Each structure stands twice: as C-alpha cells, then as structure tokens.
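Student: Quick note, the sequences are listed as chains A and B, same order.
Counted the way the working numbering counts, the first sequence spans residues 1 to 222.
Counted the way the working numbering counts, the second sequence spans residues 223 to 472.
No residue lacks a Cβ here, since even glycine has one placed at the ideal position from N, Cα and C.
Being a predicted model, the structure only gives us computed values, none of them experimental.
Would you mind keeping the following structure in view while I ask a few things?
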Amino acid sequence: MTTKPRLEREVIAMRVARELPDGAYVNLGIGIPTLVSNYVPEGRVVIYHSESGVLNCGPLAEEGEEDIDLINAGGQFLKKAPGMSFFHSADAFGMIRGGHIDVAVLGALQVSEQGDLANWMLPSRGIGNIGGAMDLAAGAKRIIVAMEHTDRDGKSKVVRRCTYPLTGRRCVDLVVTDLAVLKVTPAGLELREVAPGWTPAEVQAQTEATLVIPRDVPEIAL
Amino acid sequence: MTVSKVWPSAREAVADVFDGAVIMMDGFGGPGGMAQELILALRERGVRDLTIISNTAGLDSVSFGTPGGSLPVNHGILVANGQVRKVIASFPVSASPSRPTSFELLYREGKVELELVPQGTLAERIRAGGAGVAAFYTPTGAGTLVAEGKEVRVLDGREHVLETALKADFACIRAWKADRLGNLVYRGSSRNFNVPMATAARVVIAEVDEVVEPGELDPEVILTPGLYVKRVVVRRHPGKIYTREQGAAS
C-alpha cells in the first residue's frame with residue numbers, strides 16, 4: 001500500500017470551495033463540508049442555507065455570545081448577520097426539494113461509479129440518521145462529495161456499487177477526496193485531478209471502481 | 223366572551239394526555255424551540271406507550287445546540303423513563319456511535335420502535351396533516367430503503383414516493399411570545415418544526431417566554447395564528463435552558 005502523503009481535510013475543503021460560483025445558494029453538510037466556507041476565493045459571495053431554518057448564515061458566534069435560537073444544522077451557534085432570514089422546517093426543505101439550492105456539499109461513506117451516494121448508515125451500527133441528506137440528494141441542483149478516499153480500514157469508499165444503504169441514486173456530480181478529483185460522467189468516474197505526488201495508476205490502485213483516466217491528469221491546484 | 227388560552231401551569235396543560243397518545247414534540251435537536259417545561263410535566267404525569275413525532279428521538283447523551291456543553295432537557299427523558307413506545311424521527315441517534323442515546327440503547331433491546339423519515343419528508347408530512355392533504359408524492363428517498371413498501375410513481379420524468387400525512391393528539395411546541403388569543407411569534411432558528419406542528423394536532427400546547435395582550439404582537443410577524451393553538455403555558459424561567467444536570471429548572 002502506498003504511504004505517500006494525502007491531502008489534509010482543509011485542502012479538500014479548499015478544492016471544493018473553488019467549485020462554488022459567485023452568488024450561489026449553498027448547503028454544507030457536517031464534517032469536511034463545513035470547512036469549505038473558510039476557503040471561498042476572495043471576491044466571491046456565497047449564500048449559505050441551513051436546514052435549521054437560516055439563510056445567509058455568517059460566522060459562528062463567539063464563546064459567551066451563544067444564542068440557542070440561532071443555530072446551524074450542526075448545532076453550532078451563529079452570529080446574526082445582515083441579510084439573514086429565518087424560516088420553518090417545511091420551508092427549509094421546500095427550498096431544497098424545490099431546486100432552489102445550487103450546490104450541496106456532503107460527506108459520504110461510499111460513492112459509486114454511477115454517482116450513487118451512501119452517507120447515512122454504517123450497517124454495523126444498524127441504525128442511523130437520515131436528517132436532511134436524502135432531501136439534499138434529491139433536490140439540490142448539484143451535489144459535490146467531500147470525503148477521504150478510503151475508510152479507516154483502508155477500503156475504497158469509491159466503489160462499483162454501494163453496499164451501504166443509499167441516500168440517493170445517481171445524484172453525485174463531483175467527488176473531491178484526499179487523493180483525487182473525480183467527475184461522474186455517462187462513461188463512468190473520470191479522474192480529473194490527482195493529489196500532488198500521486199500518479200493516476202496509484203490512485204486507481206486505491207479505488208475499487210474502475211476510473212476513466214484521460215491521457216493528461218493534472219495535479220490538484222488550489 | 224373573553225378568550226384566554228393561557229393555562230396556569232404546564233402540569234395542568236398536559237393533564238389530559240393519555241396512555242398511547244401520539245404527541246408531536248418540537249425542536250430541531252437543541253433546547254432552542256424545545257418545550258422543556260411541558261416535557262418535564264409529561265414525565266411527572268407518567269403517561270406511557272406514547273408515540274413521539276419529532277426531528278430527533280431525544281439527543282440526551284450529547285450536547286447539541288447547547289452552550290457550555292451541558293445536557294438540556296428534551297424528550298429523551300421520556301424515552302429513558304420508559305414512557306415511549308414509538309418514535310417517528312429523521313435524526314434518531316447521536317452522531318457519534320460511542321455516545322449512544324437512551325433511544326438507541328432501548329432500540330437495540332427491542333423496547334422502542336422507530337419510523338425513520340427524511341427530515342424534509344417529516345416536515346412536509348406534518349404540514350400536510352395540518353392542511354388537510356392526505357398524502358403527496360416526493361422525489362426524496364426514491365430508490366432507497368425509505369421507499370420500500372410505498373407506492374412509487376414516475377412524475378415529471380422521475381420517480382416519486384407516496385408519503386402520507388401525519389397528525390397527532392397533542393403537539394407540545396415552543397414559541398417566544400403569545401397573546402392570550404394564542405397568536406404566536408418565534409425567535410430565529412427556533413421556528414423549525416414548531417410552525418408546521420402547530421397546525422397538525424388536535425390539542426396544540428404552546429410553551430412561551432411571555433404572554434402579552436392582543437394588539438401587542440405585530441400581526442405582520444405572527445407565524446402561528448391563534449386558531450391553531452388551544453393552550454398557552456408561560457415558562458417559569460423565561461429564556462433559561464433547563465438542563466438535566468440541574469434537574470427540573472435552572
């Protein structure tokens with residue numbers, strides 16, 4: 001097994017941040033996706049939606065300034081920000097299902113070469129939280145997955161077919177991992193970029209799914 | 223006739239909750255928007271075999287949306303007390319498997335049932351229940367475990383799952399202020415499930431920080447008109463979080 005350095009979680013988040021267009025309405029999931037808001041390129045304005053019923057989420061509240069009536073979907077405390085609006089859960093999800101969210105960035109347990117997403121339950125636990133993930137998978141205009149390429153046991157999370165319970169079928173557009181950037185295409189998962197120091201063959205060796213590998217695969221640039 | 227929906231105490235407001243009742247419990251997960259005093263009164267009343275409809279099954283082992291890492295009172299105390307038979311929720315367990323909630327432990331023993339629902343489908347089922355819509359088709363969950371056993375139809379070129387409305391005997395909701403007619407206003411992200419739940423139960427009980435006279439709430443910002451609300455209870459400790467460490471109230 002290759003022991004070359006992989007990208008840090010923050011670097012995965014930086015790469016995802018480049019995908020967010022100016023003016024986009026974006027929902028960030030828990031984990032690496034949450035970090036994405038720290039790295040949006042200067043000059044771009046991104047408006048964050050939270051399932052807790054907040055649009056235009058700004059920075060987190062300072063310690064001692066926490067307000068239990070102002071949280072994001074991860075239970076973190078938000079600061080009041082100009083342009084913020086509040087709404088109830090049925091509207092929060094109407095925005096998602098109704099196709100009003102431009103990009104959702106989600107973590108995953110498995111992504112398949114068809115773009116199937118599994119991110120809500122480890123079968124070994126036997127119970128899990130769906131939360132807002134299935135609605136985002138069904139309703140956001142574009143789904144980007146941000147995750148580690150392999151799990152704790154070194155098994156590929158980029159798979160031929162998901163073996164874990166699905167969150168949504170054929171919903172993922174782009175996968176950014178600590179080894180690669182992968183695009184879901186009709187021909188399969190295309191290797192678009194590799195982590196610095198990694199060859200496409202080395203990334204393929206860490207991947208259960210068979211990747212479509214173009215002649216030139218650049219290193220991930222930030 | 224002078225209408226006043228204000229009840230003297232949480233204990234009296236839940237006195238007719240019966241064994242086997244279906245209860246909607248507000249809140250996203252943290253104490254914001256959670257009717258903590260009504261939950262404490264339900265525990266004291268000791269009613270059993272309850273079905274709870276809520277976003278979570280009571281996150282009682284982790285500190286979610288609570289400053290300082292304390293553990294707030296939530297419906298997990300009813301689960302832990304053996305009063306709950308079934309939970310309909312989207313986020314039933316703690317995010318970390320090493321910190322299981324009371325619900326997860328009892329679920330593993332087969333002592334509670336779970337109907338797991340995507341969060342948006344849960345909110346919409348409740349809204350439908352309140353609005354007289356018996357069922358609706360949603361793309362959420364198509365092709366997943368959630369669609370199993372349900373009617374699936376292709377509409378607008380994609381699969382949709384038929385989901386049915388949810389209604390309850392009682393809804394225990396939390397608002398910021400009420401007037402004595404039962405008109406409610408909320409604060410910030412604590413609208414969450416409160417607003418749809420306020421429409422979908424036979425008896426809606428609102429726990430609030432403050433009751434004011436009709437006319438004092440701006441009609442432009444009332445989210446729950448009083449016709450939905452049967453009872454209003456004022457918190458004994460407005461604006462405070464009731465934590466489990468400190469017992470009933472802090």
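According to the neighbour-count rule (16 or more other Cβ atoms, all chains shown, within 10 Å of its Cβ), is L301/B buried or exposed?
Tutor: Here residue 301/B is Val; the residue named in the question, Leu, does not match the sequence. Counting Cβ neighbours within 10 Å, V301/B comes out buried, since at least 16 surround it.
Student: The segment 386-415 of chain B: which residues have C-beta closer than 9 Å to a C-beta of chain A, in chain order?
Tutor: Only W398, Y408, R409, G410, S411, S412, R413, N414 and F415 from the segment 386-415 of chain B bring a Cβ to less than 9 Å from some Cβ of chain A.
Student: So within the segment 95-177 of chain A, which uninterrupted alpha helix (DSSP H) runs reach at least 4 residues, ignoring any that extend past its ends?
Tutor: 133-139
Student: Distance check for V417/B and S472/B, CA to CA, integer angstroms please.
Tutor: Model confidence at S472/B stands at a pLDDT of 41, short of 50, so the residue's coordinates are unreliable; what they give is reported in the following sentence. Those two C-alpha atoms are separated by around 27 Å.
Student: My guess is that H149/A and V158/A are in contact by the Cβ rule of under 8 Å, so how many angstroms apart are they, rounded?
Tutor: 7 Å
Student: Comparing alpha-carbon positions, which option in S276/B, V306/B and G461/B lies nearest R265/B?
Tutor: V306/B
Student: So which of A263/B, R233/B, S292/B and A237/B has the shortest CA-CA distance to K462/B?
Tutor: Taking only the C-alpha atoms, the option nearest K462/B is S292/B.
Student: Check the Cβ-Cβ distances between A209/A and every residue of chain B, and say whether any is below 8 Å.
Tutor: Judged by the 8 Å Cβ criterion, A209/A is not in contact with chain B.
Student: Got a sec? Which residues, its chain only, sit under 6 Å from G448/B by beta carbon, not counting five neighbours each side?
Tutor: L403, G404 and N405
Student: By the criterion of Cβ-Cβ separation under 7 Å, what are the contact partners of E326/B in chain A?
Tutor: I127
Student: Name, going along the chain, the residues of the segment 308-336 of chain B whose beta-carbon falls closer than 8 Å to a beta-carbon of chain A.
Tutor: S312, F313, P314, V315, A317, P319, E326, Y329, R330 and L336
Student: Per DSSP, which one or two residues make a beta bridge with A393/B?
Tutor: M246/B and V426/B
Student: With 8 Å as the threshold, decide whether the Cβ of V26/A is near any Cβ in chain B.
Tutor: no
Student: Under 8 Å between the Cβ atoms of V46/A and V54/A?
Tutor: The Cβ-Cβ distance between V46/A and V54/A does not fall below 8 Å.
Student: Whose Cβ in chain A lies nearer than 8 Å to the Cβ of V417/B?
Tutor: H88, S89 and A90
Student: Return helix, strand or coil for G461/B, following the three-state DSSP convention.
Tutor: coil
Student: When you compare each of V309/B, G255/B, D282/B and R380/B to S412/B by their alpha carbons, which one comes out closest?
Tutor: G255/B
Student: Examine chain A for any beta-carbon lying closer than 8 Å to the beta-carbon of E346/B, and answer yes or no.
Tutor: yes
Student: When DSSP labels each residue in this structure, what does E385/B get in the three-state scheme?
Tutor: Correct three-state label for E385/B: strand.
Student: Provide the residue(s) that pair with G188/A in DSSP beta bridges, ordered along the chain.
Tutor: T185/A
Student: At the level of alpha carbons, what is the spacing between F491/B and I127/A?
Tutor: Outside the displayed range of chain B (223 to 472) lies residue 491/B, so it cannot be described from this structure.
Student: Taking only beta-carbon atoms, is S269/A less than 8 Å away from chain B?
Tutor: With chain A represented from 1 up to 222, any question about residue 269/A goes unanswered, as that position is not in the structure.
Student: So, does the CB of I213/A fall closer than 8 Å to a CB anywhere in chain E?
Tutor: The structure shown has no chain E; the protein chains it does contain are A and B.
Student: How should G154/A be labelled, buried or exposed, when 16 other C-beta atoms within 10 angstroms of its C-beta is the threshold for buried?
Tutor: exposed
Student: Quick check on E66/A - is its C-beta less than 8 Å from some C-beta in chain B?
Tutor: yes
Student: Does the segment 415-430 of chain B come within contact of the segment 71-90 of chain A, defined as at least 3 CB pairs closer than 8 Å?
Tutor: yes
Student: I'd like the list of long-range same chain contacts for K308/B, defined as Cβ closer than 6 Å, with 5 residues on each side in sequence excluded.
Tutor: Apart from sequence neighbours up to five positions away, the residues of its chain that approach K308/B with a beta-carbon distance below 6 Å are T273 and E335, ordered along the chain.
Student: Would you verify that the beta carbon of Q341/B is, or is not, closer than 8 Å to some beta carbon of chain A?
Tutor: Q341/B counts as touching chain A.
Student: Is there contact here, the segment 106-126 of chain A with the segment 71-78 of chain A, by at least three beta-carbon pairs under 8 Å?
Tutor: Counting Cβ pairs under 8 Å, fewer than three are found: no touch.
Student: Quick one: any contact between the segment 394-403 of chain B and the segment 362-379 of chain B, if contact means 3 or more CB pairs under 8 Å?
Tutor: no
Student: Comparing C-alpha positions only, which one of P5/A, G139/A and W120/A sits nearest to Y25/A?
Tutor: G139/A
Student: Given that a residue counts as buried once 16 or more other Cβ atoms are within 10 Å of its Cβ, and exposed if not, what is P361/B?
Tutor: buried
Student: In whole angstroms, what is the alpha-carbon distance linking L20/A and V244/B?
Tutor: Near 43 Å, if we compare the C-alpha coordinates of V244/B and L20/A.
Student: Chain A beta carbons: is any one of them nearer than 8 Å to that of V221/B?
Tutor: The first residue shown for chain B is 223 and the last is 472, placing residue 221/B beyond what the model contains.
Student: Any C-beta of chain B sitting closer than 8 Å to the C-beta of A138/A?
Tutor: yes
Student: Under DSSP, the alpha helix (DSSP H) around T343/B begins and ends at which residues?
Tutor: If you look at T343/B, you'll find it in the alpha helix (DSSP H) that goes Q341 to A353.
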